[in-house]
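Keeping their order, the protein sequence lines are chains A and B. Heads up, the first sequence is in our numbering, so the first residue is 1 and it goes up one at a time. Heads up, the second sequence is in our numbering, so the first residue is 372 and it goes up one at a time. So the structure is just underneath, and the comments pick up after that.
There are 2 protein chains.
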Amino acid sequence: MTASQIVFSRRLRQTPFEERAIAQGAKAFTIYNHMPLSSVYESPEADYRHLCEHVQLWDVSVERQVEVIGPDALTLVELVTPRDMSKCKVGQCMYAPLVDEFGGVVNDPIILRLADDRFWVSIADSDVLLWMKGIAFGRGMDVTVFEPDVSPLAVQGPKSDALMATVVGPEVKDIGFFKFITTTIADTEVVLARSGWSGQGGFEIYLQDSSKGLALWDTIWEAGQPFHIRAGCPNLIERLETGLLSYGSDMTLENNPFECGLDRFFVLGKSAEYMSRDALDAIATNGVSQKIVNLKISGQPVRAPRSTYQVENESGQTVGYVTSLAWSPKYESNLSFASVAVSDSIPGTTLYVRVGDKRLSCVVCKQGWEC
Amino acid sequence: MTASQIVFSRRLRQTPFEERAIAQGAKAFTIYNHMPLSSVYESPEADYRHLCEHVQLWDVSVERQVEVIGPDALTLVELVTPRDMSKCKVGQCMYAPLVDEFGGVVNDPIILRLADDRFWVSIADSDVLLWMKGIAFGRGMDVTVFEPDVSPLAVQGPKSDALMATVVGPEVKDIGFFKFITTTIADTEVVLARSGWSGQGGFEIYLQDSSKGLALWDTIWEAGQPFHIRAGCPNLIERLETGLLSYGSDMTLENNPFECGLDRFFVLGKSAEYMSRDALDAIATNGVSQKIVNLKISGQPVRAPRSTYQVENESGQTVGYVTSLAWSPKYESNLSFASVAVSDSIPGTTLYVRVGDKRLSCVVCKQGWEC
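This is the structure:
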């Protein structure tokens, strides 16, 4: 993880909360869906410790929405994912990997069902708008696919419920996991979902009018003062500890959902048409050669690679590569995700990571980092 | 144009030349097609002056290629652009705006025809891969659409011909504008095209094997020493002087090609099917309300906006917004592109740009900056 300067331009679209994120000390950014996402405030470690103890406000406008609305909305949403979206009720969110006709992962969004014939596909970093527009055009579907003026603001951390209860009312505590309500905050109607890109609990507030972004931020910020609120952002340490994969880092179009363990989010063979049916059936039958695993790396903190580190077996053969890495204060170890040969993916297996001229021993762990 | 830190991760894909670009002093980057693009070496002004006098080597790997190959390749390429691609001969490049069924600009690539049934779509910053894959899937076309391991390296500046003649041979001088040959440099086969994102002349060298990136860079770098070669990058000042629009900054999916002046690159009504036919016919008939113009802004150098500055008419009404801006040493003036009401788009019109509490007078210019 090297840092350099970024030059902003209009092409890297401004977020409705950006001014506040910068004023609160966002030191570094990444770019995600053609938009800046803050990456560090105080330091990755300090941000992590605060997130796990208090509550943070995250500008996650980069989670752009692809709205799908019209008579064929469900048909289109079903077509692009193996997950059975007919089971998604209005008011519910579902994590639904998008998979192409060859079994490649296109994106791994959360899909919100706003009405029987209306969805928001809340996307990771690839232009799902173009993907779904292209398919809809090609099929001649009766559906409109567009990017609405919607920007999520996340409230994350153990004090999220207490904070949002003071902002919205005690009813927020009744919002189930991956469920949402519509409500009004700072005089603007928002969708309020119990979700977010951390394991610390919290909400995502979907702003639907960019001009109200600063007012929405300020309202929550003020209410958050007694809870030691800080500005924050998705945190690499926390996501490794929690086991959250990042599209583009841990999986790409080159990977299928079985390699990434995403198959636990669907059952093959739903009744609706889905474009990945044949490809996924074949992969399920034939198996995969690589799998993403949790890999604990021994020794002192290792600097995250620019792109990857090679993973070797006992005899020095390359069997895979690291996709994400951070030092975990909780486990007092380097944690990484790595794509390794299936034969080397069994928890307890000892492997080696090649960092410069060092060969560091590591061990494959289960989800939750038990080894 | 504000600068901040960027945090690299695997998701922001490493380029085959990145190591050299950084070693040569790349100070700042932008992200483009999920990949870093250097933005500044010495300073925007110094980079600009050197580019206009000598020769530069640009890591433009971010110009990703979407390869379209198979029996329906031409049909698919024709479908996504109003430009008549049947006229594009093998060995030729064409600038071809991609336009959706509503008239929105999806991207503005250069398309290279490698064979009758094989194209590279050399893209600006949006996932054309997903767009064209989606359409091909939806239509059930007999075509393969994928991102090959191809990364362009640009040689730009007035000494480009002399340099490339020493690297490849005198035959490079015979390569016509927007034509290409295949040749071998540094023991790796490349496509060598007379093209590039500046008005200073030069070539784009399409590397087809990432592992040979540093060798290719080094070969040209060494040969470039007598020509005062430096590492460089697309330069905002130069592109404003030359009149090159940037997708995402100066136009988006919200704009149609007539608003951006891209209609000069095609004639409506080609015989092949194209998805934007009805929409563009309607726009051609009904006209547009906004147009991108060249706007020269008076006074001292103005800082480029984070997103935009409002443009007003004499009576203070907002009539548009700035999309790109830089100070031009050549014209000793601020140059900008702006989207303004058609009635205010006539060269010679006086308008005003609102910068903070200042109201700066400006004038609409012709292409080439005559006013």
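Glycine residues also receive a C-beta, built at the ideal position from the N, C-alpha and C atoms. Predicted, not measured: the structure shown is a model, and the values here were computed from it.
C-beta atoms of residue i and residue j nearer than 9 angstroms
{"i": "Pro152(A)", "j": "Leu207(A)", "result": "yes"}
{"i": "Tyr321(A)", "j": "Arg382(B)", "result": "no"}
{"i": "Ile552(B)", "j": "Glu560(B)", "result": "no"}
{"i": "Ser345(A)", "j": "Cys362(A)", "result": "no"}
{"i": "Leu501(B)", "j": "Trp197(A)", "result": "no"}
{"i": "Val7(A)", "j": "Val690(B)", "result": "no"}
{"i": "Cys604(B)", "j": "Val431(B)", "result": "yes"}
{"i": "Leu428(B)", "j": "Val526(B)", "result": "yes"}
{"i": "Thr452(B)", "j": "Ile482(B)", "result": "yes"}
{"i": "Gln376(B)", "j": "Gln5(A)", "result": "yes"}
{"i": "Ile595(B)", "j": "Leu633(B)", "result": "The residue asked about is misnamed: residue 595(B) is Gly in this sequence, not Ile. Cβ atoms of Gly595(B) and Leu633(B): not closer than 9 angstroms."}
{"i": "Val66(A)", "j": "Phe17(A)", "result": "no"}
{"i": "Gly441(B)", "j": "Val539(B)", "result": "no"}
Inter-residue Cα distance where the pair is residue i and residue j
{"i": "Val364(A)", "j": "Tyr352(A)", "result": "10 angstroms"}
{"i": "Val68(A)", "j": "Ala96(A)", "result": "15 angstroms"}
{"i": "Arg510(B)", "j": "Asp100(A)", "result": "14 angstroms"}
{"i": "Val673(B)", "j": "Ser695(B)", "result": "11 angstroms"}
{"i": "Ala675(B)", "j": "Thr15(A)", "result": "17 angstroms"}
{"i": "Ala650(B)", "j": "Glu78(A)", "result": "29 angstroms"}
{"i": "Asp47(A)", "j": "Asp455(B)", "result": "54 angstroms"}
{"i": "Ile297(A)", "j": "Ala326(A)", "result": "10 angstroms"}
{"i": "Asn294(A)", "j": "Thr537(B)", "result": "51 angstroms"}
{"i": "Pro718(B)", "j": "Gln738(B)", "result": "9 angstroms"}
{"i": "Ala341(A)", "j": "Ser126(A)", "result": "27 angstroms"}
{"i": "Glu312(A)", "j": "Arg354(A)", "result": "7 angstroms"}
{"i": "Thr75(A)", "j": "Asn255(A)", "result": "25 angstroms"}
{"i": "Ser86(A)", "j": "Arg391(B)", "result": "51 angstroms"}
{"i": "Lys583(B)", "j": "Asp532(B)", "result": "23 angstroms"}
{"i": "Gly104(A)", "j": "Ser9(A)", "result": "32 angstroms"}
{"i": "Ser276(A)", "j": "Phe508(B)", "result": "11 angstroms"}
{"i": "Met372(B)", "j": "Arg677(B)", "result": "Unreliable placement is indicated for Met372(B), whose pLDDT of 43 sits below 50; the coordinate value is still reported in the next sentence. Taking the straight line joining both Cα atoms gives about 5 angstroms."}
{"i": "Ala486(B)", "j": "Gly462(B)", "result": "8 angstroms"}
{"i": "Phe265(A)", "j": "Pro109(A)", "result": "12 angstroms"}
{"i": "Arg610(B)", "j": "Ser699(B)", "result": "10 angstroms"}
{"i": "Glu273(A)", "j": "Ala397(B)", "result": "49 angstroms"}
{"i": "Pro519(B)", "j": "Arg484(B)", "result": "15 angstroms"}
{"i": "Lys375(A)", "j": "Trp369(A)", "result": "The structure shown does not extend to residue 375(A), since chain A is modelled only from 1 to 371, so the question has no answer here."}
{"i": "Ile591(B)", "j": "Lys550(B)", "result": "20 angstroms"}
{"i": "Phe598(B)", "j": "Trp491(B)", "result": "31 angstroms"}
{"i": "Arg13(A)", "j": "Pro36(A)", "result": "7 angstroms"}
{"i": "Leu216(A)", "j": "Asp187(A)", "result": "8 angstroms"}
{"i": "Asp209(A)", "j": "Ile185(A)", "result": "12 angstroms"}
Buried or exposed (CB count within 10 angstroms, at least 16 for buried), residue i
{"i": "Gly687(B)", "result": "exposed"}
{"i": "Gly269(A)", "result": "exposed"}
{"i": "Val290(A)", "result": "The sequence given here places Gln at residue 290(A); Val does not occur at that position. Label assigned to Gln290(A): buried."}
{"i": "Arg435(B)", "result": "buried"}
{"i": "Glu53(A)", "result": "exposed"}
{"i": "Phe177(A)", "result": "exposed"}
{"i": "His378(A)", "result": "Here chain A has residues from 1 to 371 only, and residue 378(A) is not among them."}
{"i": "Asp728(B)", "result": "exposed"}
{"i": "Gln571(B)", "result": "buried"}
{"i": "Glu612(B)", "result": "buried"}
{"i": "Asn657(B)", "result": "exposed"}
{"i": "His34(A)", "result": "buried"}
{"i": "Val638(B)", "result": "exposed"}
{"i": "Lys89(A)", "result": "exposed"}
{"i": "Arg230(A)", "result": "buried"}
{"i": "Asp72(A)", "result": "buried"}
{"i": "Ala338(A)", "result": "buried"}
{"i": "Ser249(A)", "result": "buried"}
Whole-Å CB distance - residue i paired with residue j, under 8 angstroms assumed
{"i": "Gly505(B)", "j": "Gly134(A)", "result": "3 angstroms"}
{"i": "Tyr247(A)", "j": "Asn107(A)", "result": "6 angstroms"}
{"i": "Leu214(A)", "j": "Phe203(A)", "result": "Their Cβ separation, rounded to whole angstroms, is 19 angstroms, which puts Leu214(A) and Phe203(A) out of contact at 8 angstroms."}
{"i": "Glu416(B)", "j": "Ile608(B)", "result": "7 angstroms"}
{"i": "Cys631(B)", "j": "Ile663(B)", "result": "5 angstroms"}
Quiz item: Which runs of the beta strand (DSSP E), 3 residues or longer, sit entirely within the stretch 261-319 of chain A?
Solution: Listed in chain order, they are 290-297, 310-312.
Practice problem: Entirely within the stretch 4-74 of chain A and at least 3 residues each: give me those beta strand (DSSP E) ranges in chain order. | Solution: 28-32, 35-40, 56-59, 65-69
Quiz item: In the stretch 561-594 of chain B, which residue ranges form an unbroken alpha helix (DSSP H) of at least 4 residues, counting only runs that do not cross its ends?
Solution: 584-594
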